[in-house]
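**Student:** Once you've had a glance at the structure underneath, I'll fire off some questions.
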Amino acid sequence: MNQDRLQFWTLYFARFAEGFGFVTLITLLPYYINTLEPTNTTILGLTISAGLIVGLYTTGFTFAQTLAVVPIAWAGDRFDKRTVLLVVLGLGVGVYALFPLVDSSASFIAIRALQGLVITGTGLMTLSLVGQFASGDTRANYIGKANAASFAASIVGSLSAGTLYEAFGFGSIFTIIVSIVLIAWLGTVLYLEPDETRVYGFPFTDLALNRRILTLSSFRFQYAFSVTLVRTWIPIFAGVAAAEGGLAYGGLAVALTVVAEKFTNMCCQPFTGRLSDSYGRAMFVFAGGGAYGLIALLVPLSPAIGTALSLPSELVIAIPAVLTGVSLPTALPLGSLPLGTVPEQVTLFGEVSPAFLPLIVLSGLLGIADSFREPASMALFADEGTDDGGVASSFGIRELIWRPGSVIAPLLGGWLMYEVSMASVFYVGGAFALTGVGSFLVILVQFHGTAALTKW
Numbered sequence: 001m002n003q004d005r006l007q008f009w010t011l012y013f014a015r016f017a018e019g020f021g022f023v024t025l026i027t028l029l030p031y032y033i034n035t036l037e038p039t040n041t042t043i044l045g046l047t048i049s050a051g052l053i054v055g056l057y058t059t060g061f062t063f064a065q066t067l068a069v070v071p072i073a074w075a076g077d078r079f080d081k082r083t084v085l086l087v088v089l090g091l092g093v094g095v096y097a098l099f100p101l102v103d104s105s106a107s108f109i110a111i112r113a114l115q116g117l118v119i120t121g122t123g124l125m126t127l128s129l130v131g132q133f134a135s136g137d138t139r140a141n142y143i144g145k146a147n148a149a150s151f152a153a154s155i156v157g158s159l160s161a162g163t164l165y166e167a168f169g170f171g172s173i174f175t176i177i178v179s180i181v182l183i184a185w186l187g188t189v190l191y192l193e194p195d196e197t198r199v200y201g202f203p204f205t206d207l208a209l210n211r212r213i214l215t216l217s218s219f220r221f222q223y224a225f226s227v228t229l230v231r232t233w234i235p236i237f238a239g240v241a242a243a244e245g246g247l248a249y250g251g252l253a254v255a256l257t258v259v260a261e262k263f264t265n266m267c268c269q270p271f272t273g274r275l276s277d278s279y280g281r282a283m284f285v286f287a288g289g290g291a292y293g294l295i296a297l298l299v300p301l302s303p304a305i306g307t308a309l310s311l312p313s314e315l316v317i318a319i320p321a322v323l324t325g326v327s328l329p330t331a332l333p334l335g336s337l338p339l340g341t342v343p344e345q346v347t348l349f350g351e352v353s354p355a356f357l358p359l360i361v362l363s364g365l366l367g368i369a370d371s372f373r374e375p376a377s378m379a380l381f382a383d384e385g386t387d388d389g390g391v392a393s394s395f396g397i398r399e400l401i402w403r404p405g406s407v408i409a410p411l412l413g414g415w416l417m418y419e420v421s422m423a424s425v426f427y428v429g430g431a432f433a434l435t436g437v438g439s440f441l442v443i444l445v446q447f448h449g450t451a452a453l454t455k456w
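Numbering-wise, the UniProt record's numbering puts 418 at position 418 of the sequence shown, and it's gapless, one number per residue.
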């Protein structure tokens, strides 16, 4: 394996470590809520409700991320990105080692804030270095591979965290995370060469007024609302009670609606990134964003689609006759079945409905659509940062543009869900994506010409 490829694989593994730590904590949040049992608290005469404290479990994380973007991106451009990456990965080892020691909501919120610094720093530095190492005509391909590593971590973490907690508790999970982050740190020390690029001054100022970045921002600002609404509410739609507009599926079925999107996104990004390098990144941003919006509009129709196609309300696997009736060891999960024998058939995912398979397919299609958009968008930001000498700052600006949507959209979605309908969340989410690509196309053609769609 040559040195360049080894450096890319080192960055991919660091991206995996970042994604695994992030999604594992998301998965464990309900268990922390149950363990810490937050209650109303009075501080300096001000009463903070238990609900607000639970909200701070996430808001403390995202607020720290927002504060960290500019200084970490500036440090990456001004100093050695490898050194900055080593610092945040080293901090990550310590932060994840602290999670098993959490004994109060205050300590959990504080450590989650530190985790926000780690996630932001690792993401900015790995993507900046990937964008910097890759040549202009291969940048989206390599960024797509880095994103695929993160999606792989999300799939593994979301499927394994709950099971590991039930079996072994918090301690073993964080031992695994600490080990993964430590390996990423060691890999960076051993295989990643020092970054000799230096950018003096404050590149955010020039990049914030960059015409291409402003054009991309017209889309990205709106698209953040769309993705946050749709990604957040697909599992909500699948899991909440029918009285609240949901499908009332069990935990595994809900998890699969999330994993389907991540899996297709992971599989497609390296390929779609390579295509966008060849055929025009702006076109892939436009096509991927538009397709995402159209598919989002179909999500509330999944029950009607399932009914129209006469899909089953449960998925059953028939067991071969030679195995039925065989006694099972009690140590096996199936040993708890009546009589401790192999049944004639096994029902997968519990009670579902005809909407289940269409919802899984639509979720997978959302992942495919977004796989066209994401590596192309990242490569366009990296192009501008590389040309202007501030690749970390360009990714920092990209991150900041996303923040309003990621913060406001959950509040908007909650209001729509209770005051209008569950379906309205997806209609509004789809509309944000469509207005985003519409405004992007108009501004692109108006200020950069019709050829920009294929030349960018």
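Glycine included, C-beta positions come from ideal geometry on N, C-alpha and C.
1) When the Cβ atoms of the stretch 107 to 118 are set against those of the stretch 245 to 262, are three or more pairs found closer than 8 angstroms?
2) Pick out whichever of G131, R78, W74 and A64 has its Cα sitting closest to the Cα of A379.
3) So, F174 versus A97, is the Cβ gap smaller than 8 angstroms?
4) Suppose you measure from the CA of L301 to the CA of L309; what does that come to, to the nearest Å?
5) Could you check which residue in V227, T454 and V352 has the C-alpha nearest to that of S363?
6) Does the beta-carbon of S217 have 16 or more other beta-carbons within 10 angstroms, so that it is buried, or is it exposed?
7) Within 8 angstroms, do at least three Cβ pairs link the stretch 157 to 164 to the stretch 60 to 69?
8) If contacts are defined as beta-carbon pairs under 8 angstroms, then G429 and L229 qualify, I think. What distance do you get, rounded to the angstrom?
9) Take the Cβ of G71 as the centre, count every other Cβ of all protein chains shown within 10 Å, and call the residue buried at 16 or more, exposed below.
10) With distances taken between CB atoms, is the gap from V199 to R78 smaller than 8 angstroms?
11) Kindly say whether F263, judged by its beta-carbon, lies nearer than 8 angstroms to any beta-carbon of chain B.
12) In chain order, which alpha helix (DSSP H) runs of at least 4 residues are fully inside the stretch 225 to 280?
13) How many Å lie between S393 and A355 at the Cα?
14) If we ignore side chains and look at the alpha-carbon of each, how far apart do W415 and Q7 end up?
15) Does the stretch 205 to 224 touch the stretch 284 to 295, meaning 3 or more C-beta pairs lie closer than 8 angstroms?
16) I'd like to check one pair, D277 with A140: are the Cβ atoms closer than 8 angstroms?
17) For the stretch 406 to 426 and the stretch 177 to 193, state whether three or more C-beta atom pairs, one from each stretch, are separated by less than 8 angstroms.
18) Can you grab the Cα-Cα spacing for the pair K81 / T35, in whole Å?
19) Among P404, G90, I295 and L11, which has the Cα closest to the Cα of L359?
20) Leaving out five residues on either side along the sequence, give the residues of the same chain with a beta carbon under 8 angstroms from the beta carbon of T215.
21) Determine the direct distance from the alpha carbon of G171 to that of S179, and round the result to whole angstroms.
22) Can you look up G94 in the DSSP assignment and give me helix, strand or coil?
23) What is the DSSP secondary structure of W9, reduced to helix, strand or coil?
24) Under three-state DSSP, which class holds P30?
25) Tell me which residue opens and which closes the alpha helix (DSSP H) that V428 is part of.
26) Under the three-state reduction of DSSP, which class applies to L311: helix, strand or coil?
27) Measure the beta-carbon distance from V69 to T120 and round it to whole angstroms, keeping in mind my assumption that it falls under 8 angstroms.
28) Classify residue 461 as helix, strand or coil using the three-state DSSP reduction.
29) The alpha helix (DSSP H) spanning P404 covers which residue range?
**Tutor:** Reading off the structure:
1) Too few Cβ pairs lie closer than 8 angstroms, so no.
2) Position 379 of the sequence shown holds residue 379. Of the residues G131, R78, W74 and A64, the one whose Cα lies closest to the Cα of A379 is G131.
3) On the sequence shown, residue 174 is found 174 positions in, with the first residue counted as 1. On the sequence shown, residue 97 is found 97 positions in, with the first residue counted as 1. Cβ distance < 8 angstroms, so F174 and A97 count as in contact.
4) One-based indexing of the sequence shown puts residue 301 at position 301. One-based indexing of the sequence shown puts residue 309 at position 309. Their backbone Cα atoms lie some 12 angstroms apart in a straight line.
5) The sequence position of residue 363 within the sequence shown is 363, counting from 1. Ranking V227, T454 and V352 by Cα distance to S363 puts V227 first.
6) Residue mapping note: residue 217 aligns to position 217 of the sequence shown, counting from 1. S217 should be labelled buried.
7) By the Cβ rule, the stretch 60 to 69 does not count as touching the stretch 157 to 164, because fewer than three pairs are nearer than 8 angstroms.
8) Numbered from its first residue, the sequence shown carries residue 429 at position 429. Numbered from its first residue, the sequence shown carries residue 229 at position 229. Going by Cβ atoms, the distance from G429 to L229 rounds to 4 angstroms, so yes, they are a contact pair.
9) Here residue 71 corresponds to residue number 71 of the sequence shown, with the count starting at 1. What sits at residue 71 in the sequence shown is Pro, not Gly. Around the beta carbon of P71, fewer than 16 other beta carbons lie within 10 angstroms, which makes this residue exposed.
10) As a working note, residue 199 is residue 199 in the sequence shown. As a working note, residue 78 is residue 78 in the sequence shown. For V199 and R78, yes; Cβs fall inside 8 angstroms.
11) Note that chain B does not occur in the displayed structure, where there is just one protein chain.
12) As far as the stretch 225 to 280 is concerned, its whole alpha helix (DSSP H) runs of at least 4 residues are 251 to 279.
13) Position 393 of the sequence shown holds residue 393. Position 355 of the sequence shown holds residue 355. When rounded, the distance between both Cα atoms is 44 angstroms.
14) Position 415 of the sequence shown, counted from the start, is the residue given in the question as residue 415. Position 7 of the sequence shown, counted from the start, is the residue given in the question as residue 7. In a straight line, the C-alpha of W415 is about 46 angstroms away from that of Q7.
15) Yes, since at least three Cβ pairs between the stretch 284 to 295 and the stretch 205 to 224 fall closer than 8 angstroms, the two stretches touch.
16) Sequence index remark: in the sequence shown, residue 140 carries index 140 (1-based). Sequence index remark: in the sequence shown, residue 277 carries index 277 (1-based). Cβ atoms of A140 and D277: closer than 8 angstroms.
17) The stretch 406 to 426, when compared against the stretch 177 to 193, does not touch it at the 8 angstroms Cβ threshold.
18) Position 81 of the sequence shown, counted from the first residue, corresponds to residue 81. Position 35 of the sequence shown, counted from the first residue, corresponds to residue 35. For K81 and T35, the gap between their C-alpha atoms comes out near 38 angstroms.
19) Translated into positions along the sequence shown, residue 359 becomes position 359. Per the Cα distances, I295.
20) Working through the sequence shown from its first residue, we reach residue 215 at position 215. F440, I443, L444, F447 and H448, listed in sequence order.
21) Working through the sequence shown from its first residue, we reach residue 179 at position 179. Working through the sequence shown from its first residue, we reach residue 171 at position 171. Near 12 angstroms, if we compare the C-alpha coordinates of G171 and S179.
22) Sequence index remark: in the sequence shown, residue 94 carries index 94 (1-based). It is helical.
23) Your numbering for residue 9 matches position 9 in the sequence shown. Assignment of W9 by DSSP, reduced to helix, strand and coil, places it in the helix class.
24) Counted from its first residue, the sequence shown places residue 30 at position 30. In this structure, DSSP gives P30 a helical state, which the three-state scheme calls helix.
25) As a first step, residue 428 is located in the sequence shown; it is residue number 428 there, counting from the start. It spans M422 to H448 - the alpha helix (DSSP H) in which V428 sits, taken as one unbroken run.
26) As a working note, residue 311 is residue 311 in the sequence shown. DSSP, reduced to helix, strand and coil, places L311 outside both helices and strands of the structure shown, so it counts as coil.
27) Here residue 69 refers to the residue found at position 69 when the sequence shown is read from its first residue. Here residue 120 refers to the residue found at position 120 when the sequence shown is read from its first residue. With a contact defined as Cβ atoms closer than 8 angstroms, V69 and T120 qualify at about 6 angstroms.
28) Residue numbering for the chain in the displayed model covers 1 to 456; residue 461 lies beyond these limits and cannot be assessed.
29) Position 404 of the sequence shown holds residue 404. Boundaries of the alpha helix (DSSP H) around P404: V391 to E419.
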